[in-house]
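In UniProt numbering, the protein residues as written are 1 to 487.
Think of the CB as a built atom: it goes at the ideal place given N, C-alpha and C, for glycine as much as any other residue.
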């Protein structure tokens with residue numbers, strides 16, 4: 001079967017509606033070589049080719065506009081005589097001419113007719129598919145595989161926790177990054193560990209060092225004040241005595257009461273037990289009233305039966321008070337006829353009443369050692385204070401009184417007495433040293449208080465107006481008096 005010119009072969013690239021390209025020269029030579037064995041038919045073909053050029057091939061219908069491949073074009077039917085027209089793709093150009101001198105070698109045998117390859121069989125008319133077909137929606141895959149179906153006759157066994165979980169479903173797996181498939185494990189972001197919190201070291205506690213240190217020595221003034229603040233083990237009576245007048249018995253009684261009261265704050269009283277017009281009430285306390293020991297003895301029976309706060313309230317009506325309130329004063333009677341009424345029994349009752357209301361009672365005794373009130377006070381006293389000045393007559397009177405106490409059976413009171421030397425003038429005299437050595441052998445202690453010009457006039461005594469040296473001297477002297485009783 002020969003190949004005709006001007007007819008497109010089904011299945012070639014020109015059958016898809018594209019414009020045919022000019023055929024190369026070697027293709028025309030090949031066609032002539034294949035058709036050489038047909039003899040005179042060759043000349044007829046050439047002649048027809050020269051004389052009657054083939055009509056232009058019909059253009060195949062183009063595909064409809066679409067977005068993809070829509071199938072093959074319809075096959076062109078073969079003519080009835082079995083020949084094919086010229087292929088449009090191999091259109092002979094106008095400048096192409098067959099060389100007339102070319103003759104086919106008669107010895108060259110004709111080639112068998114070209115058999116169409118099976119691949120070029122005419123295919124049935126393809127079905128035109130739509131230009132675009134939507135892909136079916138893929139159902140989502142279940143998160144977890146479904147359990148296999150139960151076999152027939154298998155009982156449904158539910159978990160005993162099925163009713164408690166309330167339809168609990170585990171959380172879906174975390175969404176994977178869209179870049180996870182690209183890095184293939186090569187990239188890992190650097191994750192810095194969280195900084196550890198700063199450690200606070202606890203304060204280092206050094207082991208305790210037990211070291212014994214000697215206490216700092218207490219000053220003499222601190223020690224004296226500490227003695228006066230202590231508990232005395234009960235009310236104490238201090239008797240200031242010397243048969244000679246003008247040896248500072250009243251002054252010593254007032255200043256001793258003022259010093260102890262300034263440290264203890266309360267519970268101190270000064271009593272003028274002088275049968276012959278004592279002056280203690282004039283030099284101590286505020287004269288807020290004119291009541292004396294005589295008025296107290298008049299109402300003593302009604303006051304003795306009282307107790308507690310009621311007793312203090314009624315007794316206060318007969319007492320005078322220091323300007324700073326540190327001590328109280330029970331003034332003596334100024335009338336000389338009243339001395340006959342202070343018998344031994346009455347003095348004891350008064351002392352017993354004052355012990356119930358005060359801690360320290362300072363008694364200014366008289367000059368008559370033979371009077372009952374003087375002897376009664378000496379017998380009731382807890383501490384005897386022998387007052388004197390650095391003069392020979394005053395020292396002789398004090399020494400004689402000590403001998404009398406030994407004779408009356410009160411030698412213990414005399415031996416435990418404190419000798420108080422008051423300096424009436426500034427400066428120290430040689431006699432003072434002799435007196436200190438002498439009375440140190442007769443009494444328990446000797447205390448010396450300095451001179452103060454505020455006491456020289458004999459007027460009212462104000463403790464806070466004294467010089468600091470004077471107050472310090474009286475503080476030491478008062479501590480010596482009460483030291484045996486301090487607890």
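Query, Result
"Coil, strand or helix - residue 400 by DSSP", "helix"
"Residue 457 (DSSP reduced to helix, strand or coil)", "coil"
"Residue 357 versus 297, 315, 414, residue with shortest Cα-Cα distance", "315"
"Sequence ranges, beta strand (DSSP E) only - wholly within the stretch 179-244, length at least 3", "236-241"
"Given 8 angstroms, three or more beta-carbon pairs between the stretch 238-254 and the stretch 208-222", "no"
"Length of the line joining the Cα atoms of residue 77 and residue 31", "Any reading at residue 77 is ruled out, since the residue's pLDDT is 48, under 50, leaving its predicted position unreliable."
"Exposure of residue 308, with buried meaning 16 or more beta-carbon neighbours within 10 Å", "exposed"
"Nearest to residue 329 (by Cα), restricted to the options 311, 366, 284, 368", "284"
"Residue 425 (DSSP reduced to helix, strand or coil)", "coil"
"Burial state of residue 421, where buried means 16 or more other Cβ atoms lie within 10 Å", "buried"
"Through-space distance from residue 405 to residue 450, alpha-carbon basis", "28 angstroms"
"Residue 221 beta carbon less than 8 angstroms from that of residue 475", "yes"
"Segment contact, 8 angstroms Cβ cut-off, at least three pairs: the stretch 388-400 with the stretch 296-303", "no"
"Range covered by the beta strand (DSSP E) that runs through residue 319", "Premise fails: residue 319 is in no beta strand (DSSP E) and is neither H nor E."
"Three-pair Cβ contact test at 8 angstroms for the stretch 364-381 versus the stretch 316-326", "no"
"Rounded separation between residue 424 and residue 452 - CA only", "8 angstroms"
"Same chain, Cβ closer than 6 angstroms to residue 256, neighbours up to 5 away in sequence not counted", "362, 478"
"Within 8 angstroms, strictly: CB atoms of residue 384 and residue 227", "no"
"Same chain, Cβ closer than 7 angstroms to residue 50, neighbours up to 5 away in sequence not counted", "Residue placement at residue 50 cannot be trusted, given a pLDDT of 47 that sits under 50; what the coordinates show is reported in the next sentence. Taken in chain order, the list of residues that qualify is empty."
"8 angstroms Cβ cutoff, residue 356 in contact with chain B", "Of the chains in the structure shown, none is chain B; there is only one protein chain."
"Contact set for residue 382: own chain, Cβ-Cβ below 6 angstroms, skip 5 residues either direction", "236, 237"
"Secondary structure of residue 467, DSSP reduced to three states", "coil"
"Short Cβ contact (8 angstroms threshold) for residue 371 with residue 242", "no"
"Extent of the continuous beta strand (DSSP E) to which residue 250 belongs", "Run containing residue 250: none in the beta strand (DSSP E); it sits in the alpha helix (DSSP H), 249-264."
"For residue 234 and residue 263, the rounded distance between their alpha carbons", "17 angstroms"
"Of the residues 272, 345, 401, 408, the one placed nearest residue 291, counting alpha carbons only", "272"
"Nearest neighbour of residue 387, chosen from 409, 410, 417 [CA to CA]", "417"
"For residue 271, the residue or residues it bridges with in DSSP", "330, 363"
"Residue 306 to residue 347 span [Cα, whole Å]", "19 angstroms"
"Contacts around residue 486, its chain only, beta-carbon distance under 6 angstroms, and the 5 residues preceding and following it disregarded", "227, 230"
"Nearest neighbour of residue 322, chosen from 288, 312, 303 [CA to CA]", "288"
"For residue 384, the three-state DSSP class (helix, strand or coil)", "strand"
"Span of the alpha helix (DSSP H) around residue 350", "344-357"
"Residue 258 beta carbon less than 8 angstroms from that of residue 326", "yes"
"Proximal residues to residue 275 (C-beta, below 7 angstroms), its chain only, five neighbours per side dropped", "339, 342, 366, 368, 371, 373"
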